[in-house]
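Everything below concerns the one structure shown next.
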Amino acid sequence: MQKQLTLWGSDMVFSCILCGGKESRSKSISDAKTGEALDVAACQSCGLVQLARVPTDEELSAFYSTAYRVEYKNQAQPKPKHIFRAGKSALERLQKMQPFFEAGQRHLDIGAGGGEFTYLASRFGLDAHGIDPNSGYLEFGRTAYEVPLETKEVSELPTEPKFDVITMFHVLEHLAHPLEVIEQIHALLSDDGVFVVEVPNLESKRSSPTNHYFKAHITYFTSLSLEVLLSGRFKIEFLDNSNVLYAVCRKIASSDASAIPEGNQNAVDLANTRLKNKALPEYFLNGGAFSIARKTQQTIEELRGSAGRDPKEILDALVPN
Ligand SMILES: [Zn+2]
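Just so we're aligned, residue 205 is where the sequence shown starts under the working numbering, counting upward by one.
Encoded structure:
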């Protein structure tokens, strides 16, 4: 009998993509977009929470080629309200990292999308570049903002000249080989270089549990598992542990990191607790019921901030004088 085709490899046993651990504690959840049943699992050695069955590289590239075909269908450019939203997040991210960079430094944004962050980074004085593996809106961004945006993977970049600042927002959780990419980022950075990373936060009590698990998200970080991932290569100098995890990390120049991060009992305990408690009761106890009001407010603001403006004007209007 022919086996039913499931998207993510179905016969694999658990193996932690960070430390190779084989022991896990799992939880059944459903994909926030499609409702499809999924299992997530916490590694009982290093505390990383990941999909219990991690897709193969072939499955992932098939998934993304389909997903992006749908997303960009008949759209040469993002909608104005989406530019406004992306611009607002970009601005908040730049303001948080501002104490850690100087004008004129060479910067790379990984997962640049429509180029909003790359453009605003250049407005903050950085010599900004952006890459994204999916060409999607890159052509639009190049034309609208006149910043260098390339269709590339991190692994395709030359290691010289180095970058002083690398940013990566909401990309890490999509990666099946996160440690490899962290090593590549380490190699691309100058000594003392700064790596800024943001991921969804499994520790957050105010982000909805029904909007947290996606099959496109392979990993679900806590502050401690993020630290395990970065250990030996980067030192976290600033951490915003709120709705999201936002970390500014300094490169450790002479890296003594081993290929595989060591186990960490605190990270395991935190992962187990969060996997158990991230559910609707906790969300409502922490003000989740107000999220509808917040969303409506946000939509009004997005429409006001984007109406009648071209893409560059939308972003320029956000920059404080
Ligand atoms: Zn592990």
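Just so it is clear, CB atoms sit at the ideal spot from N, CA and C, and this is done for glycine as well.
Ligand 1 heavy atom lying under 7 Å from the CB of Leu252: Position 48 of the sequence shown holds residue 252. Yes, since a heavy atom of ligand 1 falls inside the 7 Å radius drawn around the Cβ of Leu252.
Could you check whether the Cβ of Gly225 sits closer than 7 Å to any heavy atom belonging to ligand 1? For the purposes of this step, residue 225 is taken as residue 21 along the sequence shown, with counting starting at 1. The answer is yes for Gly225.
Suppose contacts are defined by Cβ-Cβ distances below 8 Å. Is Leu392 in contact with Thr414 by that definition? For this step, residue 392 is matched to residue 188 along the sequence shown. For this step, residue 414 is matched to residue 210 along the sequence shown. Result no, Cβ atoms of Leu392 and Thr414 do not sit closer than 8 Å.
Ser462: beta carbon under 7 Å from a heavy atom of ligand 1? Working through the sequence shown from its first residue, we reach residue 462 at position 258. No; taking the cut-off as 7 Å, the Cβ of Ser462 has no heavy atom of ligand 1 nearer than that.
Neighbourhood of Ser427 by C-beta distance below 7 Å, restricted to the same chain and skipping five residues each side: Mapped onto the sequence shown, residue 427 falls at position 223. Cβ within range, chain order: Glu407, Leu443, Asn445, Leu449.
Taking DSSP as the reference, what is the three-state secondary structure of Asn445? Taking the first residue of the sequence shown as 1, we reach residue 445 at position 241. If DSSP states are grouped into helix, strand and coil, Asn445 belongs with the strands.
Considering only heavy atoms of ligand 1, does any lie closer than 7 Å to the CB of Leu433? Sequence index remark: in the sequence shown, residue 433 carries index 229 (1-based). Flag unset: Cβ of Leu433 not near ligand 1.
Just to confirm, does Cys247 get its C-beta within under 7 Å of one of the non-hydrogen atoms of ligand 1? Residue mapping note: residue 247 aligns to position 43 of the sequence shown, counting from 1. Cys247 Cβ: within cutoff of ligand 1.
Taking the DSSP output, what are the residues bridged to Asp336? As a first step, residue 336 is located in the sequence shown; it is residue number 132 there, counting from the start. DSSP output for Asp336 lists Thr355 as bridge partner(s).
Please return the same chain residues whose Cβ sits closer than 7 Å to the Cβ of Ser510, not counting the five positions on each side in sequence. Sequence index remark: in the sequence shown, residue 510 carries index 306 (1-based). Spatial neighbours of Ser510 in its own chain (CB-CB distance under 7 Å, excluding positions within 5 residues in sequence) are listed in chain order as Pro284, Lys285, Ile287, Phe288, Ile518.
With a CB to CB cut of under 8 Å and the five nearest residues on each side skipped, what residues in its chain are close to Ile389? By 1-based counting over the sequence shown, the position of residue 389 is 185. Cβ within range, chain order: Ile314, Val358, Ile370, Met372, Phe399.
Whole-number beta carbon distance between Ala280 and Phe367, since they are thought to touch under 8 Å: Within the sequence shown, numbered from 1, the residue matching residue 367 stands at position 163. Within the sequence shown, numbered from 1, the residue matching residue 280 stands at position 76. Contact flag wrong, Cβ pair sits at about 30 Å.
Given a cut-off of 8 Å on the beta-carbon distance, is the pair Gly251 and Ile464 in contact? On the sequence shown, residue 251 is found 47 positions in, with the first residue counted as 1. On the sequence shown, residue 464 is found 260 positions in, with the first residue counted as 1. Cβ distance not < 8 Å, so Gly251 and Ile464 don't count as in contact.
Within the present structure, is the beta-carbon of Leu222 separated from the nearest heavy atom of ligand 1 by less than 7 Å? Residue 222 sits at position 18 when you count from the first residue of the sequence shown. Yes, the beta carbon of Leu222 sits closer than 7 Å to at least one heavy atom of ligand 1.
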